[in-house]
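Numbering (this note's numbering), first residue to last: 311 to 698. Glycine residues also receive a C-beta, built at the ideal position from the N, C-alpha and C atoms. None of the values given here were measured: they were computed from a predicted structure. One structure is given here, and the rest of the page talks about it.
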Amino acid sequence: MTSVAFSESEERQTLRREVSRLAAKYGREWFTEKARAGEKTTDLWLEIGKNGYLGINIPEEYGGGGGGIGDIAAVCEELAAQGCPLLLMVVSPAICGTIISRYGTEEQKRRWLPGICDGTGTMAFAITEPDAGTNSHNITTTARKDGDGWVLNGRKIYISGVDEADNVLVVARTEDARTGKLKPCLFVVPTDAAGFEAKSIPMEIVSPELQFQVFIDDVHLPADALVGDEDGGLVQLFAGLNPERIMAASFSTGLGRFALDRATAYAKERAVFKDAIGSHQAIAHPLAQSHIEIELARLMTQKAAALYDAGDDMGAGEAANMAKYAAAEAACDAADRAVQTHGGNGITQEYGMAGLLVATRAGRIAPVSREMILNFVAMHSLGLPKSY
311 MTSVAFSESE
321 ERQTLRREVS
331 RLAAKYGREW
341 FTEKARAGEK
351 TTDLWLEIGK
361 NGYLGINIPE
371 EYGGGGGGIG
381 DIAAVCEELA
391 AQGCPLLLMV
401 VSPAICGTII
411 SRYGTEEQKR
421 RWLPGICDGT
431 GTMAFAITEP
441 DAGTNSHNIT
451 TTARKDGDGW
461 VLNGRKIYIS
471 GVDEADNVLV
481 VARTEDARTG
491 KLKPCLFVVP
501 TDAAGFEAKS
511 IPMEIVSPEL
521 QFQVFIDDVH
531 LPADALVGDE
541 DGGLVQLFAG
551 LNPERIMAAS
561 FSTGLGRFAL
571 DRATAYAKER
581 AVFKDAIGSH
591 QAIAHPLAQS
601 HIEIELARLM
611 TQKAAALYDA
621 GDDMGAGEAA
631 NMAKYAAAEA
641 ACDAADRAVQ
651 THGGNGITQE
661 YGMAGLLVAT
671 RAGRIAPVSR
681 EMILNFVAMH
691 SLGLPKSY
């Protein structure tokens with residue numbers, strides 16, 4: 311009986327190499343310089359789009375690559391592994407692109423997907439609200455029918471990249487569904503619409519991609535701004551949230567790999583007591599541990615993507631949550647160990663390690679907190695009583 315060693319397809323491995331090579335032309339120093347100068351990473355974004363990587367998960371007839379969520383996750387991971395983590399990769403092609411591909415009308419797909427694919431029509435995603443937080447059932451942003459169209463009112467917070475997006479996919483609820491179970495509706499709102507305002511939130515993360523509080527006051531939209539069925543409910547929303555978790559996991563494992571690569575290179579070169587510090591187990595073992603933890607998280611991420619691409623939404627939900635949890639933990643530990651390996655150099659701007667502490671830490675909070683993932687696993691995987 312012959313056994314087959316596990317590996318990704320040759321196509322996926324080639325994709326990883328190509329994206330890695332492209333991102334390496336830019337690199338961490340370039341990315342950080344842009345962030346500190348208040349500039350954008352548009353050049354990299356458009357080059358990814360031009361090469362067909364940005365919309366690789368979107369059907370070919372709309373300018374995409376016809377691949378799966380595993381392909382776009384690989385692109386996200388390799389960018390982060392070269393020190394160029396692009397948060398809008400999670401949002402625009404993976405969440406918005408997936409939802410519109412699945413539930414949009416033919417006209418909506420033709421209008422919005424090509425721009426998502428080539429990078430010229432980036433779309434943000436707005437679900438989180440100041441008073442709802444993780445509890446999406448408390449969403450108060452409402453959509454009221456107005457003749458043939460809609461009027462939206464509400465508030466959103468921690469919305470990524472609004473200043474770089476032409477449109478925002480906003481999660482609201484119809485006005486007659488303000489009480490009872492959440493029936494989310496999804497609307498594409500132009501960022502230049504009257505009544506739509508975004509205010510930047512000062513963050514400690516060193517990133518060119520900013521976070522915003524969004525104010526939606528009597529924003530009038532045409533009927534075709536609604537994506538999918540207004541009674542489609544959570545099914546349509548979760549079509550984007552499983553990919554979001556898979557992408558967040560890849561974002562974290564990429565950052566973890568970057569931190570580990572830098573720490574390993576430093577440990578090979580830095581000598582204090584005669585030999586390179588990497589020869590000491592106090593340095594070597596934590597780095598080896600991080601390598602193991604990152605590889606385990608990557609494997610679960612690939613499993614989640616494979617289940618999602620195979621159409622197993624429930625199985626993908628469990629695996630995606632586990633992957634996102636494991637990846638964030640692995641990345642946080644890798645960043646912490648990378649700083650420690652560098653000693654005092656680890657908290658200088660020159661070596662660029664300390665910024666990773668905040669960047670990786672965000673993965674434990676967003677897009678869903680580690681505690682809510684543990685709740686999910688306790689309930690759905692272990693069958694324990696609901697605790698919230």
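Item to check | Classification of Arg420 by the beta-carbon crowding that lies within 10 angstroms, buried from 16 upward | outcome: If you draw a 10 Å sphere on the C-beta of Arg420, you find fewer than 16 other C-beta atoms in it, and that means exposed.
Next on the checklist: My output table needs one value for Ile657: the three-state DSSP class, helix, strand or coil.
Outcome noted: Ile657: helix per DSSP, three-state reduction.
Next on the checklist: Which residue wins for smallest C-alpha separation from Ser562, given the options Ile379, Leu397 and Val461?
Outcome noted: Comparing Cα-Cα distances from Ser562 to each of Ile379, Leu397 and Val461, the minimum goes to Leu397.
Checklist entry - From Ala630 to Gly673, what does the alpha carbon distance come to, in whole angstroms? => result Spanning the two alpha carbons is a distance of roughly 14 Å.
Item to check | Coil, strand or helix - Gln591 by DSSP | outcome: Helix.
Checklist entry - Using CA coordinates, which residue listed in Thr452, Thr342 and Ser411 is at the minimum distance from Glu371? => result Glu371 has its Cα closest to that of Ser411, out of Thr452, Thr342 and Ser411.
Checklist entry - Given a threshold of 16 other Cβ atoms within 10 Å of its Cβ, counted over all protein chains shown, does Tyr698 qualify as buried or as exposed? => result Residue burial is scored here from C-beta neighbours: Tyr698 has fewer than 16 other C-beta atoms within 10 angstroms and is therefore classed as exposed.
Item to check | Ile526 (DSSP reduced to helix, strand or coil) | outcome: DSSP places Ile526 in strand when its eight states are reduced to three.
Item to check | Where Gln323 falls, given that 16 or more other Cβ within 10 Å makes a residue buried | outcome: Exposed: under 16 other Cβ atoms inside 10 Å.
Checklist entry - For Glu388, which option in Ala598, Gln418, Ala620 and Ala333 has the closest C-alpha, if you only look at C-alpha atoms? => result Ranking the options by Cα distance to Glu388, first place goes to Ala333.
Checklist entry - Among Pro553, Lys466, Ile587 and Ser600, which one has its Cα closest to the Cα of Asp571? => result Out of Pro553, Lys466, Ile587 and Ser600, Ser600 has the C-alpha closest to the C-alpha of Asp571.
Item to check | N- and C-terminal bounds of the beta strand (DSSP E) containing Met733 | outcome: Any question about residue 733 goes unanswered here, given that the chain covers just 311 to 698.
Item to check | Runs of alpha helix (DSSP H) wholly within the stretch 388–423 (minimum 4 residues, chain order) | outcome: The stretch 388–423 contains, as complete alpha helix (DSSP H) runs of 4+ residues, the segments 407–413 (chain order).
Checklist entry - Any idea what DSSP makes of Pro677, helix, strand or coil? => result DSSP places Pro677 in coil when its eight states are reduced to three.
Checklist entry - Is the Cβ-Cβ distance between Ile379 and Gly407 less than 7 Å? => result Result no, Cβ atoms of Ile379 and Gly407 do not sit closer than 7 Å.
Checklist entry - Are Lys344 and Thr352 close, meaning C-beta to C-beta below 7 Å? => result With respect to Thr352, Lys344 sits apart: the two C-beta atoms are not nearer than 7 Å.
Item to check | Leu462 vs Ala453 beta-carbon contact at 7 Å | outcome: Yes, they are a contact pair.
Checklist entry - Near Thr415, what residues of its chain come up, given a Cβ to Cβ distance below 8 Å and the 5 sequence neighbours on each side ignored? => result So the list reads Asp534, once near-sequence residues are dropped.
Checklist entry - Just checking, does the stretch 360–371 make contact with the stretch 542–551 on the three C-beta pairs under 8 Å criterion? => result Not touching, per the Cβ criterion.
Next on the checklist: According to DSSP, simplified to helix, strand and coil, what is Arg465?
Outcome noted: Note: Arg465 maps to strand in three-state DSSP.
Item to check | Check whether Val401 and Ser470 have beta carbons under 7 Å apart | outcome: Taking 7 Å as the Cβ cut-off, Val401 and Ser470 qualify as a contacting pair.
Checklist entry - Quick one: any contact between the stretch 678–691 and the stretch 593–613, if contact means 3 or more CB pairs under 8 Å? => result By the Cβ test, the stretch 678–691 is not in contact with the stretch 593–613, since fewer than three Cβ pairs between them sit closer than 8 Å.
Next on the checklist: Going by C-alpha to C-alpha distance, which of Gly625, Leu597, His652 and Leu609 sits closest to Phe316?
Outcome noted: It is Leu609 whose Cα lies nearest to the Cα of Phe316.
Checklist entry - Rounded to whole angstroms, how far is the Cβ of Ala594 from the Cβ of Ala645, which I believe are closer than 8 Å? => result In this structure, Ala594 and Ala645 do not form a Cβ contact; the two beta carbons are roughly 18 Å apart against a cut-off of 8 Å.
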